[in-house]
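*Asks:* Just dropping this structure here.
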Amino acid sequence: MTLATEAGTEKHFVNPALLTIIFDIEASSDRVFTVLCNVERWPEWTSTMSSVRRIDDGPLSVGSRAQVRQPGLRPAIWQVTEMEPGRSFSWATRSPGVHVTGRHLIEKRGASSRVTLSIEFAGLLGPVVSRLFRKMNERYLTTEAESLKTRSES
Numbered sequence: 337m338t339l340a341t342e343a344g345t346e347k348h349f350v351n352p353a354l355l356t357i358i359f360d361i362e363a364s365s366d367r368v369f370t371v372l373c374n375v376e377r378w379p380e381w382t383s384t385m386s387s388v389r390r391i392d393d394g395p396l397s398v399g400s401r402a403q404v405r406q407p408g409l410r411p412a413i414w415q416v417t418e419m420e421p422g423r424s425f426s427w428a429t430r431s432p433g434v435h436v437t438g439r440h441l442i443e444k445r446g447a448s449s450r451v452t453l454s455i456e457f458a459g460l461l462g463p464v465v466s467r468l469f470r471k472m473n474e475r476y477l478t479t480e481a482e483s484l485k486t487r488s489e490s
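Here the sequence shown is numbered in the working numbering, starting from 337 and rising by one per residue.
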């Protein structure tokens, strides 16, 4: 099932273990990528993050880690697992029985961008955890998309 909530936005929430939202931003892909990679500033523009603290120094890259605190969730250490500068990055966190991956993809569309955000739950307890937190995960992903759009276009 795909829900079109507004022009240029699609939500793919069929499988609770993989949630994806695709939307357009009237800003360059470089601008969007810069906003995304400055993870410590996320709490300034999205209510889904209470704090993000980098554990290491330097530019965000494969192996970079950050402690993330989100309302209603336990603090987690997220580690960058994939990075394509200017285009995408993925990071992941683990807890007993659950492996969560967050993906951020930016496609250049002339002077604007198409962004895909997704969160995937794997591991023995991944399907259970994803179902328990489904509504919150859908709300958080939607809020992050709307907030990223607002921040990138400002």
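The beta carbon of each residue, even a glycine, is placed where N, CA and C say it ideally should be.
These figures come from a predicted structure and were not determined experimentally.
Using 10 angstroms around the beta-carbon of Glu480, count the other beta-carbons present and answer buried if the total reaches 16, otherwise exposed.
*Replies:* Here residue 480 is taken as the residue at index 144 of the sequence shown, counted from 1. Answer is buried; the Cβ neighbour count reaches 16.
*Asks:* Please name the residue, chosen from Arg470, Pro432, Val465, Phe425, that lies closest to Glu443 on a Cα-to-Cα basis.
*Replies:* Position 107 of the sequence shown, counted from the start, is the residue given in the question as residue 443. Nearest C-alpha to Glu443: Phe425.
*Asks:* Note down the Cα distance separating Val375 from Thr417, rounded to an integer number of angstroms.
*Replies:* Here residue 375 refers to the residue found at position 39 of the sequence shown. Here residue 417 refers to the residue found at position 81 of the sequence shown. Rounded to the nearest angstrom, the two C-alpha atoms are 15 Å apart.
*Asks:* Check Val398 in the structure and name its three-state DSSP category.
*Replies:* For the purposes of this step, residue 398 is identified with residue 62 of the sequence shown, where counting begins at 1. In the structure shown, Val398 sits in coil (DSSP, three-state: anything other than H, G, I, E or B).
*Asks:* Taking only runs that begin and end inside the region 343 to 392, name each unbroken beta strand (DSSP E) of 3 or more residues, in chain order.
*Replies:* 346 to 348, 354 to 361, 387 to 390, all fully within the region 343 to 392.
*Asks:* In angstroms with no decimal places, state the Cα-to-Cα distance between Thr382 and Ala447.
*Replies:* Against the sequence shown, residue 382 aligns to sequence position 46. Against the sequence shown, residue 447 aligns to sequence position 111. Taking the straight line joining both Cα atoms gives about 24 Å.
*Asks:* Using a Cβ-Cβ cutoff of less than 6 Å, which residues in the same chain neighbour Gly527 once the five nearest sequence positions on both sides are dropped?
*Replies:* Any question about residue 527 goes unanswered here, given that the chain covers just 337 to 490.
*Asks:* Glu474 to Val436, Cα distance in whole Å?
*Replies:* Your numbering for residue 474 matches position 138 in the sequence shown. Your numbering for residue 436 matches position 100 in the sequence shown. If I take the Cα positions, the gap works out to 14 Å.
*Asks:* Using the C-alpha atoms, what's the distance from Ser449 back to Leu409?
*Replies:* Position 73 of the sequence shown, counted from the start, is the residue given in the question as residue 409. Position 113 of the sequence shown, counted from the start, is the residue given in the question as residue 449. One C-alpha to the other measures close to 30 Å.
*Asks:* Out of Phe359, Val465, Arg367, Thr384, point me to the one whose CA is closest to Tyr322's CA.
*Replies:* Limits of the chain in this structure are 337 at one end and 490 at the other, which puts residue 322 out of reach.
*Asks:* Would you kindly work out how many angstroms separate the C-alpha atoms of Gly399 and Ala412, rounded to a whole number?
*Replies:* The count along the sequence shown starts at 1 and reaches residue 399 at position 63. The count along the sequence shown starts at 1 and reaches residue 412 at position 76. The alpha-carbon atoms of Gly399 and Ala412 are separated by roughly 15 Å.
*Asks:* Give the straight-line distance between the Cα atoms of Ala353 and Arg389, rounded to the nearest whole angstrom.
*Replies:* Position 17 of the sequence shown holds residue 353. Position 53 of the sequence shown holds residue 389. Approximately 26 Å between the Cα atoms of the pair.
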